[in-house]
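Sequence positions in the sequence shown follow our numbering and run 1436 to 1705. The beta-carbon is built from N, C-alpha and C at its ideal position, and this holds for glycine as well.
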Amino acid sequence: MGDQEILLSKEKETLLGPLYCRAREAKKEDPILEDKKALEIFEKMKYDFSKIKMPEKSCITLVIRADKIDQYVREFIADKKQVTIINLGVGLDNRYGRVNPCNAVWYELDFLEVIELRKKFYQKPDNVHYISSSVTDLKWINQVNSTGEILIVAEGLFMYLKEKKLKELLLKLHKRFPGANLVFDAYSTYTVKNISKHVFLRKTKAEIFWGIDDPKQLEKWGEGIQFKEEWFFTEYEDIKKLSFFYRLAFKAAGLSKIARQAHRILYYKI
Ligand SMILES: C[S@@+](CC[C@H](N)C(=O)[O-])C[C@H]1O[C@@H](n2cnc3c(N)ncnc32)[C@H](O)[C@@H]1O
């Protein structure tokens, strides 16, 4: 344990879940996700991680989520001269370091306390810009000076928003950045009803509000919003890296629509 005190609560404290999972994965010989920075940050923290009790199954999902969203970002930047990436609810994630883009203007948004904490662990490259704001306080959008095509990423964020606020956000993004790409992970409404029992949420007191069953529902929020892709964790290509038990569990989950939809990644053009 390090000496950096962590004084976060509720949805801000939830950033410790994925950080812990990425750090734990980084210790493995053949990890799903290479993220030594997560381990470095984890070791500097003075925080009792046993309190949030991240089960192995949740950790596997969270590192796969990060890896898959990294893939979307890499594919997006691959064939373009200049792009803008907007990473909402960035927490202490090291996506910029993992993807290492040379053609991106990169924005990272989170609450002020989180961005201040982030500054203690990261040296910010010149093409990275921090935005300290709630994502629902829409004035932050004026801080974005975009260039080229835009990809907006929201990993582990939208479930913490009420639908009214999320709709306002998406419509504002749609108006300000028409044609931008948007990738995020989402729970089903069934998951939203049942997930509050998760120890992690009970301990942090974070509340989950939003879920979606039919991804096409979002198209009704505004003309021009287009649903592109729904990606299920059970489709993960590198499944051989999982233990026999989890390979079997993923195969079984893939057979049930409710299990597949419980948590997945959605891609839109807005
Ligand atoms: C589960 S963590 C995910 C963090 C990061 N994306 C990752 O994968 O490690 C949720 C993050 O969303 C942020 N968050 C939640 N609600 C937010 C809001 N209204 N505005 C800005 N950030 C928010 C939290 O502060 C936290 O950093």
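With contacts defined by Cβ atoms closer than 8 angstroms, G1614 and K1704 form a contacting pair.
Contact between E1590 and F1546 does not hold, since their C-beta atoms are separated by about 15 angstroms, which reaches or exceeds 8 angstroms.
Per DSSP, reduced to three states, the secondary structure at H1633 is coil, with no helix or strand assignment. The beta carbons of A1697 and Y1625 sit about 7 angstroms from each other, so the pair counts as a contact at 8 angstroms. Shortest gap from the CB of V1549 to any heavy atom of ligand 1: under 7 angstroms.
Measuring C-alpha to C-alpha distances from Y1622 to each of K1607, V1540, I1487, I1643 identifies I1643 as the nearest. Along the length of the stretch 1605–1671, whole beta strand (DSSP E) runs at least 3 residues long occupy 1616–1622, 1661–1667, reported in chain order.
Under the three-pair Cβ rule at 8 angstroms, the stretch 1542–1561 does not count as touching the stretch 1481–1488. Contact annotation: W1656 and V1627 have beta-carbon atoms that are not nearer than 8 angstroms. Comparing alpha carbon positions, the residue from V1549, Q1517, E1551 closest to W1541 is Q1517. Counting along the chain, I1495 sits inside the alpha helix (DSSP H) bounded by residues 1491–1513. Following the DSSP letters along the chain, one finds E1464 in no beta strand (DSSP E), marked with neither H nor E. M1436 is classed as exposed because its beta carbon has fewer than 16 other beta carbons within 10 Å across all chains shown.
Less than 8 angstroms divides the Cβ of I1467 from the Cβ of K1676. For ligand 1, no non-hydrogen atom lies closer than 7 angstroms to the CB of L1604. Two segments are said to touch when three or more pairs of C-beta atoms, one from each, lie closer than 8 angstroms; by this definition the stretch 1492–1511 touches the stretch 1459–1478. Cβ neighbours of P1650 within its own chain (closer than 6 angstroms, five residues either side excluded): F1662, E1665, L1701.
Inter-segment contact for the stretch 1517–1532 and the stretch 1574–1590 is present: three or more beta-carbon pairs are separated by less than 8 angstroms. Scanning the stretch 1521–1546 from its first residue to its last, the whole beta strand (DSSP E) runs of 3-plus residues come out as 1539–1545. DSSP lists D1545 as the bridge partner or partners of S1567.
In terms of side-chain proximity, the C-beta atom of S1493 is found no nearer than 7 angstroms to any non-hydrogen atom of ligand 1. In this structure, E1446 lies near A1641, with their beta-carbon atoms less than 8 angstroms apart. Between the C-alpha atoms of L1690 and E1670 there is a straight-line separation of about 11 angstroms.
With a cutoff of 7 angstroms, S1567 does not count as near ligand 1, since its C-beta is closer than that to no heavy atom of the ligand.
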